[in-house]
Each structure stands twice: as structure tokens, then as C-alpha cells.
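The structure appears below as C-alpha cells.
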């Protein structure tokens, strides 16, 4: 401390800057209003600006329209139904793949499921301060790791299993904490005007907390990350609300003002909720090249984006409770818990392969329950049902049969900062680095489906890739694991869970990666603490998480064991003589499931990160080599 005080006192402040100007420029896409397929961005206007472009700061704005439609009798304009849907963590989940050409030469190859790898990369490299500064900008708030549940086959038939209210198969879409009210008394009196509060004939008190629940209870956890992402896109200007609950924010900013500024906001109608969203994807979050690229003048890039635009129908069945017969009696307890299922498989536009939208649980008090009011089943009344059609589109509604809604901006944009050097600084810059060798990582993706649990697997990933830097294994549940009688889909397409922003909670034991027949680990990684401490915690973190108080990464050991089961191996350590030598990759291990349980069908998605390089003339932007 004393040394810092002394150095700060004697240091001379330098007020001069290397730059005399910095301006943010943008170019519109080349789609001419058509977004049902690939998005194309051409940076030629930026290269003609005569300034130096810093690509590591650049970002893409993708105007989004998220909408929910349901019959007017169910979804009314005044209904508190603003938190039914959310986007999965990270706006990069809108992207399925990205290709980039630099002066007509490919520098980033097209790889499917790019968003899966981006989620891992950013979860292991962002810090908590990054989340504060950029979380809302990039739509990134990590899903709560312990909030998931799984609905089994019996639930679809009986609707008696509470996880079924969250949706088919894997779900972590409970977007509100549960408040438990216990009633003590022999009977419960219900006023004649149904809908008034239930009045207990005894003591009414809340005596159930997280500390008194079973750790196995679905009510003990909720997905706070999902709620944070919803809060970021749900600005409301409504001046009147139920029971006078309106915050009256619309007095100072209405929908027109929000559209003019293009801040995310909600529009309500009798049958529809729509959300206009200013989604931003930073280039450095989706491709390593942009992190490593120096200041360039005159370079021309062409970026191609395949996107995940989606539409899907959800069938909802409400909960029922044991009410009083003739006004007196009944336990007041829930009799059935309801359900949420896909009426049909999601439709994906834009060349994508994953679902970037989440639908909230239909359990009582959760975001999806507003369409199916709670019903007293004492008189034989059936549970309420509803169908909601959800879609996510770029710029305007892209799906036929749905109400057309448009975002305030009518095109995607690429923003980039243009710097003008101080002449002396520019001369020094060009003399020091007239050409720049850019060394960066690109990826290959491989898919291995239908791997059975509790059976060892040994997979040849690839026969030969040069300059391999890492191997990442992401486990996913297969399509066949949903409840019988319900429309089942893989977790990557499910609106009920956070995948592809997270892996599925599938544990792999005895993990080994072989590079050209040589074991990467001296012993197989058998235990969770070995996988986490030896590999994952230092995968992309600042200083490899070795420097106290100077580190990054958002996955804790508990997060890893609960949900974020990424299996990573650093393969970059090698002799210089091995550079450019193609090497084979083989992975092995055992996917675990409970002893005696039926084998699950699992998919393994494998990403191989490899090194590439180009040499660029920083003054002209020409590719030298």
C-alpha cells in the first residue's frame, strides 16, 4: 500500500492521447427486409471511412419481436401476463452459425451450434463485473444451477407430479420464488363470491421456508437468471392496472417514447403480448478472431449469420384444489398440479437448430399459470386449459398465421468504432507493426447421438486436425426421453429448459481424452472435483484463476455439479515441432444414471478448438499471408 501511495504521488500525468477522434459508425444488413433465411452484413462502407476500425469493440444489433398469442377469452389486455416468456441466457443464442470472409478469404468457418460453444466460452470467461456492465446489454444472466426438475413418464398420464407443470422432460422455468401459506383449522370457509380470499377457521401463518423444506422439493429453488432476463425486456407504460397497482411509469415514458429510443418494451392487446427487444451480440463474444484483431484501415469483411427464429404452440392445463362442498369443508390443498406440453415440435427459421425462447412454468404462482386460473374441483369442475402460440422473429413477425408485429428498427446493424490517430502516434504504430500476425482460435463441431447411460463409450471424434488447442464435451438429453403421450423434443429445442445456454445435468465418469493415441490425463477423471479443479476452473479464466482477486468465470463447483457439466481438456501444450501436424482426437467415459433405472438416450456434442493465423497489413487492410 505504501508503495502505491508513493508511486501515485510522484507519477506525472500525461494528458495527450494517441487519437484525435473516435466515432461510432454502422452499416445496415443486405437483406432488404427479408429475414426468413441468412443475414448478410458487408463492412465495405466502414472500410471506406478512412479511419482505423477496432473490431474488438464492434457489435451487431438484431431487432427482435417476441410474441405470445392466445384466444381473447384467455389472454386479456388487462391480465398480468407479462412474465410468461423469456429469452435464454445470451443473445448469441439467436445465432446458429457465423461465417466471416476477410477480403474475400474465409477466416471463420461455418460451424453449427455456435451458440452452445459461445455459452461455455462466456460462462467461463466473464466476471461478475462483466455481468453488471454487459448482462442486460447482451441478454446474459446465468440460469440458477439448482432450479431444474425432470418430469417422468407417469406424470403425463396422471398430471399428479408437480414437475409436469414446468413442462415435458427437463425444466428450469420456475421464474418466481414460492411462498407457502399453511392453514390451521378443521374447515375452510369460502365466501359466496368465489374469487375472494379463502378464510381459514383457525390460524393462518406462513411456517414453511427454504430452511424447513426437503432439499428434493421443487419449491426450494427458482431460476433467478430467467427472472433477471425478463425484467430487462418488460418495460410497461400502462397507467391502469388491477386493484390500482400500476406504477404510472407511462406518465413520463409511454410506448411511443420507448420505441423512439428503442428500449425493450411490452405491447398489450386482447389476444397478444409482444416484446420489442434491442438484442446486441458483441463480435468478440462469438468469434475469437475479433478479440485478437488489431486496429485496421481499409479492410473489408462480409459476415453471414444463420439464426434461430422459432415458433411453437404450448398446451397448458391448470391446477385444481380440494375446495369446500357447499361452502364448508375441503382441505384447500392442490389436487392436481397441471401441465405444460408442446402441441407440436418447434418450427425454426433462418437455418437454425436450437430454441432461444423459454416459457415459464404453469405451476401456481409461476409466469405460465396466468392463462389457466386455479379451479375448485369439489363439484367435479375440470381444470382450465389454454393454448398459447409463442414466436421469436427478427425485425417483424416471420411466421404465417400470426399477428404481424414490427420492431422500431427495420434492419440489423453492425456497429464499429472508427479511430483517427494523432499523426505522430500513427507513424509510430505503422513503424512498429506495419504488418500484424493475428493468431486466433476457430472451432469444429461434432455430434454423437444415442449414447446409452451406464455403458462405457469410446468415440473417435476426428482422424486429424492440426494445431488443436482444446476439446469440449457438452452432454445433452436425447429426444426420446420425454414423457409418453406428450410431444417430446430434445432439450436443445425445448422451451422449458435453459439449453443450449447450459448443458443438461448428465454426469460423466472416467473421462479421458486421447490426442494421437496419447492420454491427455495421466489418470481418468473419475470424480467431480477432479474435473472441476484440474480442467474446468482454468479453461478460459483470467490468469487461469491462479491470481487471487484477479480472476473471472461464473461457474462454481456447485454450479458444475448441479447443471453446468462441461467436460473440458486443454490440448495446447505441445512441442514447437508438432505445430501444423494433424492429430486424431478420441474421447471415452461413462454417462451415469441411477443403478437399476432404464438407460437414457444421450447425445454428446464435441467442440474442437484449433489455432489459425493470418498476416494483415494494418494500413491497407490487405491480407499479406
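Numbering (the working numbering), first residue to last: 63 to 687.
No residue lacks a Cβ here, since even glycine has one placed at the ideal position from N, Cα and C.
Being a predicted model, the structure only gives us computed values, none of them experimental.
Between which two residues does the beta strand (DSSP E) harbouring residue i extend?
i           : result
residue 275 : Residue 275 -> no beta strand (DSSP E), and no H or E assigned at all.
residue 663 : 663-679
residue 119 : Taken as a continuous stretch (DSSP letters only), residue 119 belongs to no beta strand (DSSP E), as it is neither H nor E.
residue 645 : 644-653
residue 284 : Taken as a continuous stretch (DSSP letters only), residue 284 belongs to no beta strand (DSSP E), as it is neither H nor E.
residue 513 : 497-514
residue 83  : 81-90
residue 373 : 371-379
residue 632 : 629-632
residue 398 : 396-398
residue 163 : 157-164
residue 104 : 101-104
residue 574 : 570-577
residue 340 : 334-344
residue 351 : Here residue 351 belongs to no beta strand (DSSP E); instead the alpha helix (DSSP H) covers 350-354.
Cutting at 7 Å between CB atoms, please list the residues of its own chain near residue i, excluding the five before and the five after it.
i           : result
residue 216 : The predicted model places residue 216 with a pLDDT of 46, which falls under 50 and marks its position as unreliable; any figure quoted below should be read in that light. Same-chain partners within the cutoff: 223.
residue 67  : none
residue 315 : 299
residue 326 : 294, 295, 297, 337, 338, 339 and 340
residue 443 : 437
residue 397 : 382, 383, 384 and 439
residue 643 : 528
residue 446 : 380, 434, 435 and 437
residue 64  : none
Please go through the same chain and pick out, in chain order, the residues whose beta-carbon is closer than 6 Å to the beta-carbon of residue i, but skip the five residues on each side of it.
i           : result
residue 429 : 145, 146, 237 and 422
residue 165 : 362 and 685
residue 321 : 470
residue 461 : 373 and 453
residue 83  : 482
residue 400 : 227, 379, 380, 381 and 424
residue 79  : none
residue 520 : 650
residue 512 : 663
Are the CB atoms of residue j and residue i within a distance shorter than 7 Å?
i           : j           : result
residue 541 : residue 552 : yes
residue 338 : residue 376 : no
residue 564 : residue 205 : yes
residue 510 : residue 301 : no
residue 613 : residue 607 : yes
residue 161 : residue 366 : yes
residue 131 : residue 371 : no
residue 570 : residue 651 : yes
residue 123 : residue 201 : no
residue 285 : residue 234 : yes
residue 680 : residue 465 : no
residue 99  : residue 360 : no
residue 364 : residue 121 : no
residue 498 : residue 678 : yes
residue 523 : residue 629 : no
residue 90  : residue 102 : no
For the putative contact between residue i and residue j, defined by C-beta atoms under 8 Å, what is the C-beta separation to the nearest angstrom?
i           : j           : result
residue 662 : residue 539 : 7 Å
residue 342 : residue 153 : 6 Å
residue 647 : residue 670 : 6 Å
residue 506 : residue 173 : 7 Å
residue 369 : residue 412 : 3 Å
residue 426 : residue 395 : That pair is no contact at about 11 Å.
residue 694 : residue 474 : The question about residue 694 has no answer, for the chain in this structure spans 63 to 687.
residue 448 : residue 378 : 5 Å
residue 95  : residue 472 : 7 Å
residue 209 : residue 231 : Not really, about 15 Å apart at Cβ, beyond 8 Å.
residue 97  : residue 348 : Actually they are not in contact, since the Cβ atoms of residue 97 and residue 348 sit about 18 Å apart, beyond 8 Å.
residue 486 : residue 645 : No, residue 486 and residue 645 are not in contact; Cβ-Cβ is about 47 Å, not under 8 Å.
residue 672 : residue 531 : 6 Å
Kindly indicate the opening and closing residues of the alpha helix (DSSP H) around residue i.
i           : result
residue 323 : 317-323
residue 490 : 485-494
residue 69  : 64-72
residue 193 : 190-196
residue 179 : 176-185
residue 171 : Where residue 171 is concerned, there is no enclosing alpha helix (DSSP H), given that its DSSP letter is neither H nor E.
residue 620 : 619-624
residue 593 : 590-596
What does a CB cutoff of less than 8 Å around residue i pick up in its chain, not counting 5 residues either side in sequence?
i           : result
residue 591 : 619
residue 86  : 477, 478, 479 and 480
residue 308 : 300, 301 and 302
residue 583 : 573, 574, 575, 596 and 631
Item checked: Segment contact, 8 Å Cβ cut-off, at least three pairs: the stretch 350-357 with the stretch 115-129 -> yes
Check: Taking contact to mean at least 3 C-beta pairs separated by less than 8 Å, is the stretch 616-634 in contact with the stretch 597-605?
Finding: yes
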